[in-house]
Each structure stands twice: as C-alpha cells, then as structure tokens.
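Mature numbering (1 follows the signal peptide of the UniProt record, and there is no 0) puts the sequence shown at residues -25 to -1, 1 to 849. A quick write-up on the structure given underneath.
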Amino acid sequence: MVDRQPSFLVLKYLWLVLGSVIITASNSKLAGAYEADISGFINIDCGALESYTDNQNGLFYEPDTKYIDTGEIKDIIPNFTNYDGSHGRQRFNLRSFPLGKRNCYTLKPNHGANNNYFIRAVFEYGNYDDNNKIPVFDLYLGVTKWTTVRRAISIKEIIHVPSADYIDVCLVNIGKGIPYISALELRPVDNSIYRIPNVALSYYVRYDIGGDIVSRYKVDVYDRLWYGLKLDGWNYTYPAGPDIYNQSSDYKVPDEVMRTSATVDASSPLGISVNAPLDASGQLYIYFHFAELEELNDGQKRELRIELNGERNLTEPVILEYLKPVTINTTFPPINSERVQFNIYAADDSYLPPILNAVEMYEIIELRRSPTNLDDVHAMMKIKSVYGVKRNWQGDPCLPEEHRWDGVICSYDSSNNPPRIISLNLSWSRLTGEIDPSFASLTAIQYLYLNGNKLTGLVPADLIKKSKNGSLTLSVEGNPDICLSAASCKKNKKIVVPVVASIAAFSVFLITTLVIFWRLKMRKKQATVVLGKSESISENKNDTFAAKKRQFTYSDIVEITKNFETVLGKGGFGTVYHGYLDDTEVAVKLLSSSSAQGYKEFHSEVKLLMRVHHRNLTSLVGYCIEGTHMGIIYEYMAKGSLDQYFSGKHEGKNASILSWEDRMRIAVDAAQGLEYLHDGCKPPIIHRDVKSSNILLNEKLEAKIADFGVSRIFPIESGSHVCTGVVGTPGYLDPEYYSSNRLNKKSDIYSFGVVLLEIITSRPVILTALKNTHIRKWVNSMLAGGDIKSIVDPKLSGDFEINSAWKAVELALSCTSQSSSERPTMIEVVMELKECLALAMTPNGEGHPGNKSKGPKRMLTIDVNADEFSPSAR
C-alpha cells in the first residue's frame, strides 16, 4: 500500500530529481545510443541572475526575466537547503510575488500550438521570508486551475496541448501567503502519446517498479521523473541482456526503468493502493508499462488482466513478448473512494505470474473555458509591447473573470465561445507615438478610450470608420498631435514652413513682446494670486471678493449660527459652527483671535476658493471681515469629515458602516478634487494638508476636499519643486518633503495614499496599540502574509470585491512610496481608482462603461471623457 502524501524525509529525497542523474555504465551507453532532441526544452531558473549549464544534468538554464516582469528575487535560508552535493542550483533562489493577485509566466514553445508539451513547476519555500509559515496558493494553466501548492517542497507536472502558440503558467494569491516559484521547465512530447481531447493531464504518481533511485534526463528523453518503488512481498528481477530501448514504443520509457520489474506468486495478484483524495468529479488516467524480461520457451506465455478496486477488468488480457514494451492505458470513471486499488492477475492461460515494470497516474484537468479570442490576445500583447503598458496585464485578458486585465471589459456567453474584448480604457496612460494598427485588430471592440495621452499621427482608418458608423465609441481627446484625416495631417505639415519663416522674420519683435508679456504676467500674478504682506482684504481697492461672493458682517455671523449654538469641530484655525442662511444649512469657520497663523491662512483660503470651483471641493458661500472678526462660510456637509465617520464621532452608534463600493466612490471623489488642484488649475495648487479630517461627506456620501489655508500655488516656471517651510500633519506628511523642504505635487499624493489606507482599513494613521506603528508599515507587514482579508476593515465581514481590494491596496502603497519619483500622478490615481470602483460595481466583469448598478444609491458613471480627466478652472 502506497501513501501519496509522503513524509518530509521522503520529500527531501525527491529533491534528488532536480540535480542528481545517476548514470551507470549501461546508462552512459544508452545515452550515447539515443540522444534526446533538447532544442525544444525551456529551462527557467526563477530568480537566477545569469544563465548557466547545470553540471549535473547538462541542461542550459536561463533567468526568468524575459518570461515575467513582476515579482522579487529571493534566496532561501541556507539552513533549510539540506544540501548534500547532489542537488541542482535551481532550488537555492526563487521569485516571490508580494504584489498582484495573479502573476504569470508566458512560455512560447518552439513547436507552437496544437502540440503536446510536458510542463514542470518546482517550489521550495526554504523559509526565504524568515516567517516559518509555508504559503498556500493556486497554480493556473492558462485560464484553468491546475492545482494548489501547499507544501514546503513541491513538484507539479502537467501534460498539455495548447490551442495558442504560447502557454501561461500563473501563480494566484488566495490570501494564504505570498506565491513563489523556484523553477519552470517545458519539454515537447510526441503527439501520439498522453493526448486526450479537451483535457490536460496533471501528474499524480510515477513509479519505477523495483527501482532504487530517481531518474530524469538524460536517462529519460522527455525528462520525466521516475521514483523507485519497492514493497514488501514483491519479487524483483534485474536481468542483464539486450537493450529494451532500441525497440521502445513512442512512450520511450527508459531502458533503466523497464529493466526493473516486480512479480509475485502465480496464485496472487500484484496490487498497489494509492491515496486518491479526488472530488466527486475527479478522474484518473493510468498508464501501465510492461516488458517481458525472460526468454520463454515455446508454448510459454505471460498473460495479464488488470482489475480496479476489486470490481471489474480494465482491459482485455495482455500478452507480453520478450523485450517488447507494451503500454496499457484506460480512463477510469469518477472515483469517490479515498484510495485507488488496482490488481494485476495472471490470466487463466498464463504460464507465468503477473509482472509490472512501471506505472503512471494522471489526474484529468478538464479545460472547460475557452481562452480569449486569439486575435484579441495577439492584439493586446502587441499593444502591451508597443507602449510598455505596466498594469496587471498578465495571463489571459478576460479569464478567469475575477482576474480580468485592468481597463479591459469582455463579453462572455454560455456556449463556451472564446470571450471577446469589447472595451479598452487606456486614458492617461502615458502612451506616446502613433496609434498602433493593433487597436483596429480588436474587431469586437465597442469602446476605446485613448484620451489624455501623447499620441501622434493619423488615427487608423478602420477605427475612424467604426466610429462614424456608430459601432465604436472612440475617445482621443487630449492628444494634441492626433489627426482624424490624412488631409488634416498634411495641413499641419504645410503650416510648419511659414511658421518657421515668421519666427525668423519677427524674432526681435516677438522677444520684445515676450518681455513685456512676462512683466505684465508677474504683476497680474502678484495682484490676483499672492497676497502681499501689507495687503488687507477690506482695504484693497483691487480686491474682487465682494464682487464674486457675499460679504457678511459679524452680526450676520451671529445670526446665522444662532449665537454660535452648535459646534461642528475645532482646529488650529479656530472653531467651525453649524448655521442656516436663507433656510440653507451652512458651516461657518471663525478665526480664533489667538491664532497668529490663522490670519495668513484665512487670506490664502478665501483667495483660493474665489478662483477654484469643482464638485469635489467645498464651495465658498461667503466671508466676514470686520475688525478682528474673520470667518468663512461654506456649504454644509451633513456627514462630517471622513475621520469622524470612521470613528463614529459624527453620528455615534447610529453611524452606518461604509460598504466597499461606497469607500471606492469616496476615494474617487477625493482623488478627483485633488486632481483638479494639480492638473485643472493653472498654475497648479498643492493642498499641503491632505488628511481624512479634511475630506468632508455630504448627505449622499459625496466627498469634497476642504481646508485650503496652507495650500500653495505652484508656479509652472519654478520647475519640479519649490523650496518652502514644512507644513502638514504628522503621519500624512511626505517624508521626502519633510527632510528636504522641497514641495511638489507628489507630496500631496503621499498624503492621499495614507488617506486611502485609512479608507481601506478603517484604522488610524498611527497605531498606538502597536508601538505607534505607521499604517503603511502595518499594511506592508500584513501583506507579507498575502492575506488581503486581514487588511480590509473587519467590519465589512469579508463583504468586498477582492480584486478591487488588491488593486486599491497596491495603489495606496504606490502613492506612499518613500521616493516621490516612484509615486503615480493624480491623473493615474484617478484612473486606477475608477478601475477599483468598476470592479466593485461589476465583480463579474459584466456590462460596459456607462452602466450603473441597480438601486437607489448614487453611482459613478464609468464613462471616460476629457472633462473628467482634464478639469479646468471654471
């Protein structure tokens, strides 16, 4: 009886297969007589830094960098290697994948599609992360789940016939640790063997009956791993004689394996019992390999019959001939028992007892889903290559649906036809160059968003044609050098010559004009943006406050607030009160007489709110300047600040729990407000104090950014940053800005990333219970275990779209990178958050941009247009 769940000692032994090829003199002779064609072999050492030839098996291994562009290289801890000098190099390093739900290797075999391939993935944990906790994760073959990796040392093998000219091997994080891989190998296999329509064969067991060692290439031309197996009560034979291999079948079972065999008394069956923890639909495919090793006299024969679980014969009787290998295979019906028991009997007419040389078992993996339309895949891979798209674009674009590519929406049907790509959103993706013809190869596409990039040249004619006939919604706004017709492109080129001539002819005039314009601009800037130290709002004749917004007296403020009856909050500036103005609720922020800094902040905030207007920024209703009394009147935000909502301070026990969808809407709202300040205002504005207490929520849970007292105008001519004193709130403050006094847009983005972590986790920025740990550090420590559910607010009880959550966490960590150069722009943040929201709204990938989920809740339309991504001051 053989237990398929080997002990740890057995697992250590199995690692001999990775580097140890024990070749006897006869084996050497065999290798010389028949040399495998290894031109189609792919040997990948995952995490290796250079190529090399393995000195144990002679195979050439290469690093994995050309097969995957994500993950981190790690070395296993030496104490965990159990190295005895016979193992290969592949097991000492690995690649781990702390980010992304799915990470895929793309293999492109030389023999192309519709051919048989043997694929092996090798995993050795080796405590590389010093956590002493073995990760558990799924392994996918294309769009189909292959197996789950659970052990510290695992070798997974599968035989597959791909319908495309590439094969994706994907590691999927299931929340139980960070996926990793040590090696990946592919070998071509003869198309006449191991081939069953619409299924792949996942390795279950493979035994060299009577063998003592583990054999692989060069002994086996297909590089199968043969494990020696001996059981008590069996008799073993190891006859010398002519090679079997020269007369081998297409299975090419090595002579070394076939020359060992086991037998029993003629009256007894030769039986093997193997653990088979299969589900109700599980099926095994078994290959029995026989060869007669004795020269029999005339009239003698060895005839066998095979029985499964004591119930039925699997085949007709098998008659063996001397040194002629025979392979018998059959598909079992579904097996529900915990073990598979097969017995080999001598048939009634057999002169000799039963024999068995080798056996293989494979679990059938049904390929139930067709991968994405091949033309669509080729088009998407070309787009990815041409523009260097850095998203989660790995594996199949549409399947599994929960791992669909960012920016891609697909159509699915119930007939298992290949999915088609119907929508592609690459807005604000920093695309440059001409619009590649591969976009037009997406023949089923209905929505294509390319706005906000730096694309040039003529839009492909097929796209223009589809756009004109209404079958394609095409958005290319924000690409200044795009031509919609050949005539317009020619016109642009013709304009170049006279423009250059004009510049040369009037250069002196233009330079003079520019000097005058610059002086006027500087004066205008000083008058309309920056308040001089001697300026007073109430005394400055050029001030336009009264012309734009209502100015209130202090007595008006007292009446509006009912003598300051209800306090909404307090801050460094002063106190915020609730009030009514013409039956409309308002919030009144009154400057404290003890706030020296508040006077400057008051001027800055009112001045800024006069010139910026956006649905995700708090609106200015009016202001008060009367002696020492100064106040600002805003629209009232009924749900209070974001931090109050999470803490329950605003509504106490009556506060409802924000759903994941609501959280993503709030994040999108806040991001759009900040994006407007950065990219919609000219010159840009840096908020400098982005935090959850400065994000307010109205009755509909629409979020708006507030408190612009320390905001800073960012003159375009100042370059990448401005030097200024450090202002902000601990925990939200950009460490790079804090250490260098260099302020730029990325300082706001760091702060927003911290807010996004608050939205995801509902935890404070500084975790006092964990020795004042910053929330980013805590999230990173939890992410090291690959458990997204432990990061998301536990009050949601797991009710959230997991792919949306992964994407949001990755974005937040990207925003809070220590180096500002590694942080995204707010345009990119908005785009990514809209993807998070789209995933939360349509977790099954259904619908298309513009669809809204059912119900009375406020929904964000996932239409992409120039106004959303290129806001301008109004």
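Don't be surprised by glycine CBs; every beta carbon is placed ideally from N, CA and C.
Proximal residues to residue i (C-beta, below 6 Å), its chain only, five neighbours per side dropped
i: residue 432; result: 409
i: residue 747; result: 741
i: residue 134; result: 93, 169 and 176
i: residue 851; result: Lying before the first or after the last residue shown, residue 851 is absent from the chain, which here runs from -25 to 849.
i: residue 653; result: 659, 720 and 801
i: residue 368; result: 359 and 380
i: residue 316; result: 248 and 284
i: residue 218; result: 230
i: residue 211; result: 185 and 237
Alpha-carbon spacing of residue i relative to residue j, whole angstroms
i: residue 400; j: residue 98; result: 36 Å
i: residue 661; j: residue 725; result: 12 Å
i: residue 198; j: residue 436; result: 51 Å
i: residue 42; j: residue 358; result: 17 Å
i: residue 140; j: residue 68; result: 29 Å
i: residue 170; j: residue 163; result: 12 Å
i: residue 225; j: residue 265; result: 14 Å
i: residue 303; j: residue 388; result: 39 Å
i: residue 125; j: residue 131; result: 11 Å
i: residue 522; j: residue 586; result: Confidence is the limiting factor: at residue 522 the pLDDT is only 39, short of 50, which leaves the residue's position unreliable, though a coordinate-based value still follows. For residue 522 and residue 586, the distance between alpha carbons rounds to 13 Å.
i: residue 717; j: residue 118; result: 47 Å
i: residue 803; j: residue 113; result: 30 Å
i: residue 731; j: residue 341; result: 41 Å
i: residue 52; j: residue 102; result: 6 Å
i: residue 687; j: residue 701; result: 12 Å
i: residue 685; j: residue 603; result: 20 Å
i: residue 825; j: residue 640; result: Low local confidence applies: a pLDDT of 34 at residue 825 is under 50, so the model's placement there is unreliable, and no value is given.
i: residue 440; j: residue 454; result: 19 Å
i: residue 557; j: residue 591; result: 24 Å
Beta-carbon proximity list for residue i, same chain, < 8 Å, skipping 5 on both sides
i: residue 104; result: 49, 71, 153 and 759
i: residue 527; result: 535, 597, 598, 599, 606 and 608
i: residue 487; result: Model confidence at residue 487 stands at a pLDDT of 45, short of 50, so the residue's coordinates are unreliable and nothing is read from them.
i: residue 244; result: 282, 318, 319, 320 and 329
i: residue 173; result: 341 and 342
Cβ-Cβ distance between residue i and residue j below 7 Å
i: residue 703; j: residue 663; result: yes
i: residue 158; j: residue 275; result: no
i: residue 85; j: residue 192; result: no
i: residue 548; j: residue 576; result: yes
i: residue 78; j: residue 34; result: no
i: residue 259; j: residue 277; result: no
i: residue 321; j: residue 328; result: yes
i: residue 648; j: residue 680; result: yes
i: residue 811; j: residue 783; result: yes
i: residue 21; j: residue 44; result: no
i: residue 565; j: residue 550; result: yes
i: residue 430; j: residue 438; result: no
i: residue 161; j: residue 13; result: no
i: residue 613; j: residue 805; result: no
i: residue 668; j: residue 618; result: yes
Span of the alpha helix (DSSP H), counted from its first residue to its last, around residue i
i: residue 438; result: 436 to 443
i: residue 722; result: 720 to 736
i: residue 620; result: 617 to 622
i: residue 196; result: From DSSP, residue 196 is part of no alpha helix (DSSP H); its letter is neither H nor E.
i: residue 648; result: 635 to 650
i: residue 781; result: 777 to 790
i: residue 811; result: 801 to 816
i: residue 90; result: Where residue 90 is concerned, there is no enclosing alpha helix (DSSP H), given that its DSSP letter is neither H nor E.
i: residue 354; result: 349 to 362
Beta strand (DSSP E) segment containing residue i, residue limits
i: residue 679; result: 678 to 680
i: residue 249; result: 245 to 250
i: residue 38; result: 35 to 38
i: residue 399; result: 395 to 400
Cβ-based neighbour list, residue i, same chain, cut-off 7 Å, excluding 5 preceding and 5 following
i: residue 468; result: Any reading at residue 468 needs caution, since the residue's pLDDT is 49, under 50, leaving its predicted position unreliable; the model's value is listed next. Around residue 468: no qualifying Cβ.
i: residue 637; result: 676
- Item | Cβ pair count under 8 Å reaching 3, the region 573 to 591 against the region 527 to 545 | The region 573 to 591 makes no contact with the region 527 to 545, as fewer than three CB pairs between them are under 8 Å.
- Message: Count Cβ pairs between the region 355 to 363 and the region 754 to 763 that sit closer than 8 Å; are there 3 or more?
- Response: no
- Evaluate contact between the region 332 to 344 and the region 181 to 196, counting only Cβ atoms and requiring at least three cross-stretch pairs below 8 Å. The region 181 to 196 and the region 332 to 344 touch, with three or more beta-carbon pairs separated by less than 8 Å.
- Inter-stretch contact (C-beta, 8 Å, three-pair minimum) for the region 410 to 430 and the region 389 to 398: yes
- Are there three or more Cβ pairs, one per stretch, closer than 8 Å when the region 365 to 374 is compared with the region 344 to 354? yes
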